[in-house]
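Enquirer:
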């Protein structure tokens, strides 16, 4: 290695250390209050937004919502005031959204845009159909959507117990740019400044990015995961502390993973991503302290593919592909040393059999035929719905 | 074909189509809904905080909140001009970078005080405390060097190396061709590597890091 590349490597190592440094704590509530006070003082012409009446701009829609809210209060307020003191929002944030601070909230009373601020005690939001979710003390969340119901977790922790059997995508929690989508499940999402932690006690969730790319991390109970705020990287853990899947986004991690695990374990749509080498112990210790009832849940056929089985299946596919490519590519008498990269689409049925397999770019016809012969018995494990997988495969064709 | 998330770790799958959620939120903000802007603020404030902090380093600790607030004031003022032709985050990053650069330019005309690295909750236990001191010293030294880079190189370096943006994303953020971004990145790395040799905290410490890495592998 030249001095120059060695120096660059040192810069990268230092960068990794800088990246690990956390942003200092920020008083978000105070900052938010100050910001919105300042915005209220902005002149309409400066803001470029619609003229407003009380500082903040009000559109026709907002006035319409205000009128509707007024009508709702006029019609239903009496019952609410007399029977559901605990369900009342503590204050009216604006005409169109409210802030709830009381410990018990009936979801039927809430509206999109409502905020939940658990300053001193937990807030339990119950819904006759969906189940209930608890915003832990210190947490802050906003109801973003009604159907499917989406709670945006601004800070703190939210524990959701969602009624099973309601179908997919009925409830989701968003934290920063990460989404945790739910299908009848008990799970907890904790948001901190630089990552999102998910504990899954029952059922399944899918953690994904809200942005482009849509990386998906499926979790099957019992499991936990730590994810970057935009879900571009993350780690998923089983109760034993075993790392069952991970992604990371730095070139250094990629290099480390190459060194420690070999290229066959790399599996990503992002060339910068990699499997991390070793799990942090604190995660496994958290999982081993899981409540007893979490472990008493009977085993059931997973809704979708088991993560480790899917990974093992893809690994086997890569091995077979390597052998078939190597034996069918003309080598002109010279050792072959190159990498073949392709995007694979796999359709797996509920029995775990591979029903469709496509590559782009495709393999040579002979290699493709060889591969399909070799993987006839490949099985990804049983699930209720099967799955469709998209993988970027890097196949190392260097001699063994 | 299933539209649900159902794949292994790093697979990219089709997912419940939600790209419009942010667009809806932005259009609500543009229509003047304060709560929508509050939701937008909550959704993106930490990304903004991270970029500001990483562009300015530990010395930004005292002005971090002011700068975040300034970014969102600018967003509030300019959001009407956002036409959705680029990703919102790209636009937001551009606003954030501009606010930070303006701040730095303004700060140049003010007296500068070199802040010594402060120990933040350093562990009292011997080796751990030493390591923490060393780490903070390295951080401070790194940002000293980073500040010696030109504004343009520093910006692309931070956005790429620390924030993970691709050159094309950075190109859209800073308004320069992707090739230029790559060039700036190349020279930023090279200059940093050269400067590290003369920086007492970094001249030997990274070698130790490299050694540790080799041992681990």
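Protein chains in written order, with this note's numbering: chain C, 3 to 402; chain X, 43 to 259. Think of the CB as a built atom: it goes at the ideal place given N, C-alpha and C, for glycine as much as any other residue. None of the values given here were measured: they were computed from a predicted structure.
1) With 8 angstroms set as the bound, which would you pick, yes or no: does the beta-carbon of residue 186 of chain X sit closer than that to a beta-carbon of chain C?
2) Taking the C-alpha atoms as reference points, what is the distance between residue 242 of chain X and residue 177 of chain X?
3) Using 8 angstroms as the threshold, is the C-beta distance between residue 142 of chain C and residue 156 of chain C below it?
4) How close, in whole Å, do the beta carbons of residue 146 of chain C and residue 152 of chain C come, if the pair is a contact with beta carbons under 8 angstroms?
5) Secondary structure at residue 234 of chain C, three-state DSSP: helix, strand or coil?
6) Let me confirm a value: residue 223 of chain X is counted as buried when at least 16 other C-beta atoms fall within 10 Å, else exposed. Which label applies?
7) Where does the unbroken alpha helix (DSSP H) through residue 231 of chain X begin, and where does it stop?
8) Suppose the cutoff is 8 angstroms on Cβ atoms and the five residues either side in sequence are ignored; what does the same chain contact list for residue 93 of chain X look like?
9) Can you have a look at residue 378 of chain C and say buried or exposed, based on whether 16 or more other CB atoms are within 10 angstroms of its CB?
10) Starting from residue 109 of chain X, trace the beta strand (DSSP E) both ways and give me its first and last residue.
11) Run the proximity test for residue 210 of chain X: is its beta-carbon closer than 7 angstroms to any non-hydrogen atom belonging to the ligand MG?
12) Kindly indicate which three-state DSSP category residue 322 of chain C falls into: helix, strand or coil?
13) Is residue 9 of chain C close to chain X, meaning its C-beta is less than 8 angstroms from at least one C-beta of that chain?
14) Would you check if the distance between the CB atom of residue 198 of chain C and the CB atom of residue 183 of chain C is smaller than 8 angstroms?
15) DSSP state of residue 203 of chain X, grouped into three classes?
16) With 16 as the cutoff for other CB atoms within 10 Å, does residue 144 of chain C come out buried or exposed?
17) For residue 311 of chain C and residue 221 of chain C, I'd like the C-alpha separation in whole angstroms.
18) So for residue 365 of chain C, helix, strand or coil by DSSP?
19) Could you compute how far the alpha carbon of residue 127 of chain C sits from the alpha carbon of residue 207 of chain C?
20) Between the region 92-115 of chain X and chain C, which residues of the former have a C-beta closer than 7 angstroms to a C-beta of the latter?
21) Alpha carbon to alpha carbon, how far is residue 385 of chain C from residue 166 of chain C?
22) Cβ of residue 110 of chain X within 8 angstroms of Cβ of residue 91 of chain X?
23) Helix, strand or coil for residue 73 of chain X, going by three-state DSSP, please let me know.
24) Quick check on this structure: which residue in X:79, X:74, X:99 and X:116 has the alpha carbon closest to the alpha carbon of residue 19 of chain C?
25) Between residue 212 of chain X and the rest of its own chain, which residues show a CB-CB distance below 7 angstroms, the 5 nearest in sequence each way excluded?
26) Which word fits residue 2 of chain C, buried or exposed, when buried means at least 16 other C-beta atoms lie within 10 angstroms of its C-beta?
27) Measuring CB atoms only, is the region 30-45 of chain C touching the region 74-85 of chain X, in the sense that at least three cross pairs come out at less than 8 angstroms?
28) Go ahead and label residue 149 of chain C buried or exposed: buried means 16 or more other beta carbons lie within 10 angstroms of its beta carbon, across all protein chains shown.
29) Using only the alpha-carbon positions, how far apart do residue 26 of chain C and residue 17 of chain C sit?
30) Tell me whether residue 174 of chain C is buried or exposed, calling it buried when 16 or more other Cβ atoms sit within 10 Å of its Cβ.
31) In the DSSP assignment, what are the bridge partners of residue 133 of chain X?
32) Leaving out the 5 sequence neighbours to the left and right, which residues in its chain are closer than 6 angstroms to residue 341 of chain C when beta-carbon positions are compared?
33) Kindly indicate which three-state DSSP category residue 115 of chain C falls into: helix, strand or coil?
34) Using the Cβ count rule (16 or more neighbours within 10 Å means buried), how would you classify residue 357 of chain C?
35) Distance cutoff 8 angstroms, beta carbons only. Does residue 144 of chain C sit that close to anything in chain X?
Expert: The structure says:
1) Position 144 of the second chain, counted from the first residue, corresponds to residue 186 of chain X. Not a single C-beta of chain C is nearer than 8 angstroms to the C-beta of residue 186 of chain X.
2) Along the second chain, one-based indexing puts residue 242 of chain X at 200. Along the second chain, one-based indexing puts residue 177 of chain X at 135. The straight-line gap from Cα to Cα measures roughly 13 angstroms.
3) The residue labelled residue 142 of chain C in the question sits at position 140 within the first chain. The residue labelled residue 156 of chain C in the question sits at position 154 within the first chain. Yes, Cβ-Cβ distance for residue 142 of chain C and residue 156 of chain C is below 8 angstroms.
4) Indexing the first chain from 1 puts residue 146 of chain C at position 144. Indexing the first chain from 1 puts residue 152 of chain C at position 150. Going by Cβ atoms, the distance from residue 146 of chain C to residue 152 of chain C rounds to 4 angstroms, so yes, they are a contact pair.
5) What you label residue 234 of chain C is simply residue 232 of the first chain in a count that begins at 1. DSSP, read as helix, strand or coil, puts residue 234 of chain C in coil.
6) As a position in the second chain, residue 223 of chain X is number 181, starting the count at 1. By the 16-neighbour rule on beta-carbons within 10 angstroms, residue 223 of chain X is buried.
7) Position 189 of the second chain, counted from the first residue, corresponds to residue 231 of chain X. Segment 220-238, the alpha helix (DSSP H) holding residue 231 of chain X.
8) Walking along the second chain from the start, residue 93 of chain X turns up at place 51. Cβ within range, chain order: 135, 138, 139, 142, 200, 201 and 205.
9) Translated into the one-based positions of the first chain, residue 378 of chain C becomes position 376. Of the other Cβ atoms in all chains shown, fewer than 16 fall within 10 Å of the Cβ of residue 378 of chain C; this residue is therefore exposed.
10) Reading the second chain from its first residue, position 67 is the one you call residue 109 of chain X. Element bounds for residue 109 of chain X: not the beta strand (DSSP E) but the alpha helix (DSSP H), 106-120.
11) The ligand MG is absent from the structure shown, which contains no ligands of any kind.
12) Taking the first chain and counting its residues from 1, one reaches residue 322 of chain C at position 320. Helix.
13) Mapped onto the first chain, residue 9 of chain C falls at position 7. Interface residue, yes.
14) Start at 1 with the first residue of the first chain, and residue 198 of chain C comes out as number 196. Start at 1 with the first residue of the first chain, and residue 183 of chain C comes out as number 181. Contact flag unset, no.
15) Reading the second chain from its first residue, position 161 is the one you call residue 203 of chain X. Looking at residue 203 of chain X - three-state DSSP - the assignment turns out to be helix.
16) Translated into positions along the first chain, residue 144 of chain C becomes position 142. That one is buried.
17) For the purposes of this step, residue 311 of chain C is taken as the residue at position 309 of the first chain. For the purposes of this step, residue 221 of chain C is taken as the residue at position 219 of the first chain. One C-alpha to the other measures close to 13 angstroms.
18) Along the first chain, read from residue 1 onward, the residue named residue 365 of chain C stands at position 363. Residue 365 of chain C: coil per DSSP, three-state reduction.
19) Numbered from its first residue, the first chain carries residue 127 of chain C at position 125. Numbered from its first residue, the first chain carries residue 207 of chain C at position 205. Residue 127 of chain C and residue 207 of chain C: Cα-Cα distance of roughly 20 angstroms.
20) 92, 95, 103, 106, 107, 110, 111, 114 and 115
21) Residue numbering aside, residue 385 of chain C sits at position 383 when the first chain is read from its first letter. Residue numbering aside, residue 166 of chain C sits at position 164 when the first chain is read from its first letter. About 17 angstroms.
22) Residue numbering aside, residue 110 of chain X sits at position 68 when the second chain is read from its first letter. Residue numbering aside, residue 91 of chain X sits at position 49 when the second chain is read from its first letter. A contact, by the Cβ cut-off of 8 angstroms.
23) As a working mapping, residue 73 of chain X is identified with position 31 in the second chain. In the structure shown, the three-state DSSP call for residue 73 of chain X is coil.
24) Here residue 19 of chain C corresponds to residue number 17 of the first chain, with the count starting at 1. Minimum Cα distance to residue 19 of chain C is reached at X:99.
25) Start at 1 with the first residue of the second chain, and residue 212 of chain X comes out as number 170. Around residue 212 of chain X: 198, 201, 202 and 223.
26) The shown model of chain C, from 3 to 402, leaves out residue 2 of chain C, and the question about it has no answer.
27) A contact exists between the region 30-45 of chain C and the region 74-85 of chain X.
28) Here residue 149 of chain C corresponds to residue number 147 of the first chain, with the count starting at 1. Flag for residue 149 of chain C reads exposed.
29) Counting from 1 along the first chain, the entry for residue 26 of chain C is found at position 24. Counting from 1 along the first chain, the entry for residue 17 of chain C is found at position 15. Note on geometry: alpha-carbon atoms of residue 26 of chain C and residue 17 of chain C lie some 18 angstroms from one another.
30) Here residue 174 of chain C refers to the residue found at position 172 when the first chain is read from its first residue. Per the 10 Å Cβ criterion, buried.
31) Here residue 133 of chain X corresponds to residue number 91 of the second chain, with the count starting at 1. BP columns for residue 133 of chain X are empty, so no partner.
32) As a working note, residue 341 of chain C is residue 339 in the first chain. Result list for residue 341 of chain C: 396 and 398, in chain order.
33) Position 113 of the first chain, counting from 1, holds the residue named residue 115 of chain C. Three-state DSSP puts residue 115 of chain C in coil, outside helix and strand.
34) The sequence position of residue 357 of chain C within the first chain is 355, counting from 1. Taking all protein chains in view, the Cβ of residue 357 of chain C is surrounded by fewer than 16 other Cβ atoms within 10 Å, so the residue is classified as exposed.
35) Mapped onto the first chain, residue 144 of chain C falls at position 142. At least one chain X Cβ lies under 8 angstroms of residue 144 of chain C.
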